[in-house]
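Quick note on numbering: the sequence shown equals residues 4 to 295 in our numbering. Quick reminder that beta carbons are idealized off the backbone N, C-alpha and C, glycines included. Owing to the predicted nature of the structure, the values given are computational and were not obtained by experimental measurement. Structure first, commentary second.
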Amino acid sequence: MKEIKISAIVPIYNAENYLDKCICSILDQDFSAYEIILVDDGSTDLSSDICDKWEQADERIRVIHQKNQGVSIARMNGLSEAKGDYIAFIDADDLVKRDYFSTLYAAAVKYRADVVCCDVVEIDKNYNGVLLNSFHNVINERYVEDKRILLRDYFEKKEFYGYVVWGKIIHRKLAQKEMFTSIKYGEDLQYMIKIFSHNPRLVLLPYSGYIYIRWENSVTKRTAILTPEKLFDEIYVAETLINVCYECQDVNLYNLAKHRYAQVVWSTITICIKSNSKKFYSQHTNEMKMFA
């Protein structure tokens with residue numbers, strides 16, 4: 004096998020209906036120096052067999068089978084086995100364009116970047132390839148080397164970077180410095196905030212290379228419903244944001260992070276009252292008082 008520049012990590016759980024399409028889109032790249040790590044997260048459908056079939060068919064593909072532990076553990080296990088210079092996380096129910104790897108890697112080399120982000124387009128499978136949404140509306144190529152700018156853009160809701168792990172490549176040494184946590188909601192955002200804390204050289208491309216598929220029954224595309232459990236996870240993300248902003252020694256950023264934390268805690272308490280969830284209410288009432 005040639006020198007590996009990019010390791011594509013695909014976490015999989017019960018993805019038999021779309022896994023082949025995802026893998027084919029990766030194998031169709033016009034870039035050859037990559038490997039694919041398929042992480043089967045204890046699937047109960049035919050996903051495991053599909054993974055094994057592809058591993059036997061192509062030497063660039065490796066398979067990890069694990070008991071069901073969630074997408075975060077699946078990504079971490081894939082990351083620990085990766086050999087490429089850069090990591091590309093790809094969801095099993097999405098696709099990538101043929102020049103996805105070559106375009107992002109060329110930018111990484113040009114800027115000696117730690118992170119390269121591209122635009123993401125959303126496609127509804129029932130519309131036969133009709134574009135539904137462009138996530139970030141990137142117009143100009145942009146280079147950023149200041150985590151304070153990255154964080155400030157987050158608070159100003161400039162969704163340039165896509166606070167998810169897909170739609171980008173991350174240098175493996177940087178990616179392996181942080182871990183995904185076991186929360187079910189917001190794990191991508193929490194991970195990327197921690198990545199940004201390392202002051203990475205980041206490039207944003209006006210190129211739509213990642214295709215987010217709106218599958219009706221996809222596990223990873225479930226409609227977000229505000230529940231105490233979801234908000235509880237968002238509190239952990241907000242705590243991470245406070246810590247990172249504090250380390251920046253920027254008073255304005257730190258105050259914005261505290262305000263965000265207070266908003267999330269207050270929303271949690273409100274939802275808990277409405278749903279009569281005394282457990283979550285009692286856990287976070289004291290935390291809310293800290294920021295009153």
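>> As a quick exercise: from Ile90, Cys251, Tyr146, pick the residue whose alpha carbon is nearest that of Arg115.
In response: Just measuring C-alpha positions, the residue of Ile90, Cys251, Tyr146 sitting nearest Arg115 is Tyr146.
>> Going residue by residue through the segment 49-131, where are the continuous beta strand (DSSP E) segments of at least 3 residues, counting only ones entirely within it?
In response: Fully enclosed beta strand (DSSP E) runs of 3 or longer: 64-69, 89-92, 118-126.
>> Looking at the ligand SAM, does it come within less than 7 Å of Tyr89, judged from the CB to the closest heavy atom?
In response: As for the ligand SAM, it is missing from this structure, which has no ligand bound.
> Between Val168, Lys70, Ala60, which lies nearest to Asp43 when the distance is taken from Cα to Cα?
Replying inline: Lys70
> Which two residues bound the contiguous beta strand (DSSP E) that contains Glu38?
Replying inline: 37-44
>> Rounded to the nearest angstrom, what separates Leu256 and Glu237 at their Cα positions?
In response: So the two alpha carbons sit approximately 18 Å from each other.
>> Tell me which residues share the same chain as Lys302 and place their Cβ nearer than 7 Å to its Cβ, disregarding the 5 neighbours each side in the sequence.
In response: This structure does not reach residue 302, given that the chain is present from 4 up to 295, and the question cannot be answered.
> Taking the Cβ atom as the reference point for each residue, do Val168 and Tyr188 lie within a distance shorter than 8 Å?
Replying inline: no
> Would you say Thr184 reaches chain B, if we count a Cβ-Cβ gap shorter than 8 Å as a contact?
Replying inline: Within the model displayed, chain B is absent; a lone protein chain is all it includes.
>> Rounded to whole angstroms, what is the Cα-Cα separation between Cys253 and Val247?
In response: A small correction: the amino acid at residue 253 is Asp; Cys does not occupy that position in the sequence shown. Approximately 10 Å, taken between the alpha carbons.
>> Tell me which residue opens and which closes the beta strand (DSSP E) that Ser10 is part of.
In response: 9-15
> What's the call for Arg225, buried or exposed, on a 16-neighbour Cβ count within 10 Å?
Replying inline: Since pLDDT at Arg225 reaches only 48, below the 50 mark, its modelled position is unreliable, and no value is offered.
>> For Tyr157, report the span of its beta strand (DSSP E) as first-last.
In response: Run containing Tyr157: none in the beta strand (DSSP E); it sits in the alpha helix (DSSP H), 150-158.
> If you follow the alpha helix (DSSP H) that Lys176 is part of, which residue opens it and which one closes it?
Replying inline: 175-178
>> I'd like the span of the beta strand (DSSP E) that includes Ile216, first residue to last.
In response: 205-216
> What is the DSSP secondary structure of Tyr146, counted as helix, strand or coil?
Replying inline: Correct three-state label for Tyr146: strand.
>> So, with DSSP's three-state summary, where would you put Val186?
In response: The sequence given here places Ile at residue 186; Val does not occur at that position. Of the three classes helix, strand and coil, the one that applies to Ile186 here is coil, per DSSP.
> The alpha helix (DSSP H) with Asp23 in it runs from where to where?
Replying inline: According to the DSSP assignment, Asp23 belongs to the alpha helix (DSSP H) that extends over 22-30.
> Hey, would you say Val66 sits closer than 8 Å to Pro14, going by beta carbons?
Replying inline: no
> Which residue from Leu41, Ala241, Lys197, Ala18 puts its Cα closest to that of Gln59?
Replying inline: Leu41
> Which whole-angstrom value describes the C-beta separation of Gly47 and Asn17, a residue pair presumed to lie in contact below a C-beta threshold of 8 Å?
Replying inline: Here residue 47 is Thr; the residue named in the question, Gly, does not match the sequence. Indeed, because the Cβ distance is near 6 Å, the residues count as touching under 8 Å.
>> As a quick exercise: from Ser50, Val99, Ile53, pick the residue whose alpha carbon is nearest that of Leu30.
In response: Val99
> Taking the DSSP output, what are the residues bridged to Ile198?
Replying inline: As computed with DSSP, Ile198 is found in no beta bridge at all.
>> Using a Cβ-Cβ cutoff of less than 6 Å, which residues in the same chain neighbour Glu242 once the five nearest sequence positions on both sides are dropped?
In response: So no residue of the chain qualifies.
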